[in-house]
Every structure is written in structure tokens, then in C-alpha cells.
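Chemist: With positions in the sequence shown counted from 1, the corresponding number in the numbering used here is that position plus 561.
I'd like to ask you about the structure that follows.
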Amino acid sequence: MSEPISINVKASNDQKYVISIKVTETVLDFKKKIAESCDTPADRMRLIYSGRVLKDTETLETYKIAEGHTVHMVRSAAPAGPTTTSTTSTAASTTPVNSAATTATSTPAATMDPFGAGAGALPNPWASMMGGGMGGGG
562 MSEPISINVK ASNDQKYVIS IKVTETVLDF KKKIAESCDT PADRMRLIYS GRVLKDTETL
622 ETYKIAEGHT VHMVRSAAPA GPTTTSTTST AASTTPVNSA ATTATSTPAA TMDPFGAGAG
682 ALPNPWASMM GGGMGGGG
């Protein structure tokens with residue numbers, strides 16, 4: 562059996578805790594021990610060690626955590642529960658609004674042709690001089 566080791570836990574609010582635990586314990590067990598020392602429940606903790614997020618089902622041994630090492634704890638956002646606002650926003654998002662169609666007629670560029678002339682511009686005088694074919698003459 563393995564002996565308990567002391568692991569430093571640094572919270573995102575600069576609080577520091579020293580937790581004694583065996584490396585054969587799971588990350589979830591480790592979170593529960595941390596929860597006894599701080600005000601963050603285990604299910605709201607995210608533990609980071611050596612740049613990796615620790616998975617609840619893995620053991621501390623898996624991540625090669627040793628005596629005196631530091632694990633960083635971040636408090637994750639509250640899980641989204643079923644609320645009336647989420648159903649309202651879902652209903653609102655099911656009817657998309659085509660904002661491009663709404664703004665197309667209200668912008669000055671919407672009445673412009675690709676060459677920058679407005680829709681009510683004078684006719685092109687050169688258009689009547691251009692004959693039918695490639696030769697331009699007759």
C-alpha cells in the first residue's frame with residue numbers, strides 16, 4: 562500500500578491548501594478532500610496539473626503527482642439547470658430573423674449598382690453608341 566503524500570493545491574483566488582492523500586486515490590476522491598478545506602464543492606472543481614485537466618476517474622498516480630507538487634484548482638461555472646429563461650430563449654432562437662434582408666433596404670449601398678451609381682442615375686450615353694457586334698460598326 563502506498564503512503565499518503567502532501568499535495569499543494571492553489572486556488573484561482575490565491576488560497577493555498579495542503580492535502581494529504583494516497584496517490585492510488587482517484588481525482589474525484591482528491592476533490593472531495595479539497596472540498597473539506599474550502600468552500601468549493603467537488604463537482605464545481607476543475608483541477609489542473611502540469612498543463613492537463615485531471616479526469617475524475619483517473620488516479621493521482623496516473624498523472625505522476627508526487628510529494629510537494631502543486632495542483633491548480635479553478636472553480637467551474639454552475640451547471641445549467643432547467644429554467645424558464647432557457648426555454649424562452651430556445652423558442653426565440655427557433656424563429657431566425659434575416660437581418661440582412663431588414664437592413665438591405667435601409668442602407669444607401671442597397672440602392673447602388675456595382676459601379677457606384679445610384680438606382681436613379683442617368684442612362685449611360687455610350688450605351689446607345691455601341692452597335693450590335695464585336696466590330697461596333699456596320
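Even glycine gets a Cβ: it sits at the ideal position worked out from N, Cα and C.
To which residues of the same chain is A603 closer than 8 Å at the C-beta, ignoring the five residues directly before and after it?
Modeler: Walking along the sequence shown from the start, residue 603 turns up at place 42. The answer, listed in chain order, is L589, K592, K593, I595, A596.
Chemist: Look at the alpha carbon of I566 and the alpha carbon of K625, and state the distance between them as a whole number of angstroms.
Modeler: Position 5 of the sequence shown, counted from the start, is the residue given in the question as residue 566. Position 64 of the sequence shown, counted from the start, is the residue given in the question as residue 625. Spanning the two alpha carbons is a distance of roughly 12 Å.
Chemist: Below 6 Å CB to CB, which residues in the same chain sit around H633 once its five sequence neighbours on both sides are set aside?
Modeler: Within the sequence shown, residue 633 is the residue found at index 72, counting from 1. The answer, listed in chain order, is K571, I609.
Chemist: Using the three-state DSSP reduction, which class does A638 fall into: helix, strand or coil?
Modeler: Stepping through the sequence shown from its first residue, residue 638 is reached at position 77. It is coil, neither helix nor strand.
Chemist: Measure the beta-carbon distance from E628 to T587 and round it to whole angstroms, keeping in mind my assumption that it falls under 8 Å.
Modeler: Start at 1 with the first residue of the sequence shown, and residue 628 comes out as number 67. Start at 1 with the first residue of the sequence shown, and residue 587 comes out as number 26. Taking C-beta atoms under 8 Å as the contact rule, E628 and T587 fail to qualify, at a distance of about 18 Å.
Chemist: When the Cα of I568 is compared with those of L621, R636, C599, which residue comes out closest?
Modeler: Numbered from its first residue, the sequence shown carries residue 568 at position 7. Comparing Cα-Cα distances from I568 to each of L621, R636, C599, the minimum goes to L621.
Chemist: Could you tell me the alpha carbon to alpha carbon distance between A653 and S637, rounded to whole angstroms?
Modeler: Position 92 of the sequence shown holds residue 653. Position 76 of the sequence shown holds residue 637. Its pLDDT being 49, under 50, A653 is placed unreliably by the model, and the measurement read from it follows with that caveat. Going from the Cα of A653 to the Cα of S637 covers about 28 Å.
Chemist: Check whether the Cβ atoms of V584 and R607 lie closer than 9 Å to each other.
Modeler: By 1-based counting over the sequence shown, the position of residue 584 is 23. By 1-based counting over the sequence shown, the position of residue 607 is 46. Contact flag unset, no.
Chemist: With a floor of 3 residues, list each beta strand (DSSP E) that falls wholly inside the stretch 564 to 624, ordered by position along the chain.
Modeler: 566 to 572, 577 to 582, 606 to 610
Chemist: Between the Cα of Q576 and the Cα atoms of S563, I582, E564, S598, which residue gives the shortest distance?
Modeler: Numbered from its first residue, the sequence shown carries residue 576 at position 15. Considering only alpha carbons, the answer is S598.
Chemist: By Cβ distance below 6 Å, which residues in the same chain neighbour D617 in space, the five residues on each side in sequence not counted?
Modeler: In the sequence shown, counting from the first residue as 1, residue 617 sits at position 56. Excluding sequence neighbours, D617 sits near V588, L589.
Chemist: Check H633 in the structure and name its three-state DSSP category.
Modeler: To locate residue 633, count along the sequence shown from 1; it is residue 72. In this structure, H633 counts as strand in the three-state DSSP scheme.
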